[in-house]
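So for the sequence shown, the numbering used here puts the first residue at -11; every next one is plus one. We put the beta carbon where it would ideally sit given N, CA and C, even for glycine.
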Amino acid sequence: MVSPGSPVTLDVYADIYDSGNTASLVKNDTIKVNIVGGDLNNAQGQVSLQTLDVPSTTVPANTLTVTSGTMALAKYSAYTDKTIVTPVTAYKLAHFVLTGNSTEAVTLSEIKVVATTTDPGSVSGSVTPDKITNLYVVYGSKTSSVKATIATTSNNYTSANQTWAINETLAKSGTMEVMVYGTIGTSITAGYLTISAEFTGNTVDSGNTVYSGASGADAVVVGQTIACGSGSFTAALYDGTPLSQLVEGNQTVTTAMYKFTSASDSYTIEQLTINLPGTNAGNVVEKVRLYDGSTELGPSGGLAPDGSANAAFTGLSVAVAANTTKVLTVKLQLGTISSDYSQSGVNLQTRLTASTVKYLSSAGTSATDQPSANANGNSIYVYRAIPTVAMVNLTPNTFTEGAATDLYKFTVAAPSIGPVGLEKITLGLAWSDNGANTSSSLGTFKFYRGSTELTAAGLATTSVSTVTAGVSSITWEFPSGESIGAGETYTYKFRATPSSFDAAISTQAADTVSIWLAEDTAYVGSSTSGATAVTAKNFVWSDISALNHATTTADWTGGYLVEDLPLGTESWSE
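Structural data, given as structure tokens:
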């Protein structure tokens, strides 16, 4: 009975099963139910009593597709290929993920594992399946029994099928992690190993046998590649080791950092030797100290260098895990620089002596073949005191033709620990001479320390009194040397008169001159000839460490590595 305004839903139910050879239903077959319509006269109106065709034409229902549960096994991407150093015990040889579909659960009945190794005839010392013992599988929260030994097939590099009967349910849309473990007890020097796996099961509702291979095939899935071999250990200078620099005595300074790298195997550093190759470095350095991070290694307080400027650290136990690096830091505890040493500027370069690093592998094998060559840190020069230079900004940077103008101003300071000497400074020049007039020039030089004009007093000399466009520098020398007391700062100033500078007009830029305190680009050791031996340098200074210091003593050097040199630039124009 269908009442007006109240539709009736027709549901069709049936049992679906495989009845045999004549009406077999298989996966991906389709089923469709139709309500047959046409000239049926199969309905009658309850008021009009007229007969009707219900439906007037055939009405098809939705198409149903026959399916059943499946499962798929895949290599776990987060567990990558590995390189191992044998022997290993209970090592994870493969990692998979088993996934069910959303149709129905699967009852797992069997696990199959196959080990494949490099053809032993092609690689000497290669691992073979019979070298794998105590093989077992962890699936979900359960662990299989252990197979103590594995037989190989006739080709000697593929194992016989290793199977376990299980009874475990893989839920609809469920996942299960699967890991295969084993022991390789014989030392292997080469070769590759892969573990393949397969699950067999039955779908819970439809009762079909299913497999975990690609597209449900009865085939194994290949896992990660395990490379077998030997480890390696190397030692080298670390990229973050301190750069070349000047340091003051009577402090502890970091001079070098060394990186130790293990590949495939873990190692333990047992000893190493630090050498100080610089002349007299062994006299300046009181202790060599070795650190792993903030932890001091060796004797507390470090080792005093021996007569050959060596510090041998023995009895160490510094672990370097497989495929990691360890950085050890060398610090030098310095004494006070004094006139007892033949020269200031002793080079504190730190050397990890070739083949002195004794290290132990995880198998207990000891070796001393690293580093293969001396690993030298950068040159670090030590002085009693080091000058500090700074620019004093002058504004605005415009001058008037023919008017004496202060063009550059800077300070030189001595640290509180001791005085410094100054014998020469150099001002660099760069010109932009754009105008139509004769070449721009600077003349009538004056050079001041504070309010004292040094050139007039004979305390500073310059070889030129005028420079024209194209001249690249002006130098001043102090014949008797400037002595800047400990903790004091001297302010120096260059004054000159500009000539023939063209101002900017609509068709051309103004003539300009740029001035800066110049640096030196290469180190010069203190010389027995005194300051005059380094006069070719741009900035000649001394730590006043020599006995009876004078411009002739051997404690003068150039401006290489003096912090903040070259100083900033002042650019002048009309």
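Look up THR388 in the DSSP assignment and say whether it is helix, strand or coil. Coil, per DSSP.
Taking 6 angstroms as the limit between beta carbons, can you name the residues of its chain near MET379, skipping five residues before and five after? PHE398, LEU555, GLY556.
Less than 8 angstroms separating the beta-carbons of PHE84 and GLY204? Taking C-beta atoms as the reference points, PHE84 and GLY204 fail to come closer than 8 angstroms.
Pair within 8 angstroms by beta-carbon distance, GLU562 and PHE387: Taking C-beta atoms as the reference points, GLU562 and PHE387 count as a pair closer than 8 angstroms.
Which residue's Cα is closest to the Cα of GLY270: ASN298, THR256, GLY446, VAL115? The shortest C-alpha separation from GLY270 is found at ASN298.
ALA159: which of GLU165, LEU285, SER90 sits nearest, CA to CA? The shortest Cα separation from ALA159 among GLU165, LEU285, SER90 belongs to SER90.
Where ALA139 falls, given that 16 or more other Cβ within 10 Å makes a residue buried: It is exposed - the Cβ of ALA139 has fewer than 16 other Cβ atoms within 10 Å.
Taking all protein chains shown into account, do 16 or more other C-beta atoms lie within 10 angstroms of the C-beta of GLU551, making it buried, or fewer, making it exposed? Around the beta carbon of GLU551, fewer than 16 other beta carbons sit within 10 angstroms, so the residue counts as exposed.
Helix, strand or coil for LYS160? Go by DSSP, reduced to three states. Here DSSP, grouped into helix, strand and coil, assigns LYS160 to coil.
What's the C-alpha gap between LEU28 and ASN22? For LEU28 and ASN22, the distance between alpha carbons rounds to 15 angstroms.
Quick one: measure Cβ to Cβ for ILE154 and GLU98, integer angstroms, because I've assumed they're closer than 8 angstroms. Yes, they are in contact, since the Cβ atoms of ILE154 and GLU98 sit about 7 angstroms apart, within 8 angstroms.
Let's see if you can read the secondary structure: which residues bound the alpha helix (DSSP H) around ALA418? According to the DSSP assignment, ALA418 belongs to no alpha helix (DSSP H) but to the beta strand (DSSP E) extending over 408 to 420.
When you compare the CB positions of ALA484 and LEU430, do they come within less than 8 angstroms of one another, or not? In this structure, LEU430 lies closer than 8 angstroms to ALA484 by Cβ.
Only counting runs of 3 or more residues, tell me where the beta strand (DSSP E) segments fall wholly within the region 429 to 506, in order along the chain. Scanning the region 429 to 506 for uninterrupted beta strand (DSSP E) segments of 3 residues or longer gives 429 to 437, 454 to 456, 461 to 472, 477 to 487, 500 to 505, listed from N- to C-terminal end.
Per DSSP, HIS537 is paired with what? DSSP links HIS537 through a beta bridge to no other residue.
Per the DSSP calculation, PHE84 is bridged to which residue(s)? In DSSP, PHE84 forms a bridge with LYS63, VAL166.
Whole angstroms are fine: how far does the CA of SER427 sit from the CA of THR495? Those two C-alpha atoms are separated by around 18 angstroms.
Within the continuous beta strand (DSSP E) that includes GLY189, where are the two ends? Segment 180 to 191, the beta strand (DSSP E) holding GLY189.
Can you tell which of GLY390, ILE19, GLY281 has the C-alpha that lies nearest to the C-alpha of THR51? Cα-wise, what sits closest to THR51 is ILE19.
Identify every residue that forms a DSSP beta bridge with PHE221. Its beta-bridge partners are SER250.
From GLN259 to GLY513, what distance separates their C-alpha atoms? Cα-Cα distance, rounded: 34 angstroms.
Report the partner residues of GLN259 according to the DSSP bridge assignment. Bridge partners of GLN259: LYS346.
Alpha carbon of ASP41 to alpha carbon of ASN30, nearest angstrom: Looking at the two C-alpha atoms, the distance is approximately 6 angstroms.
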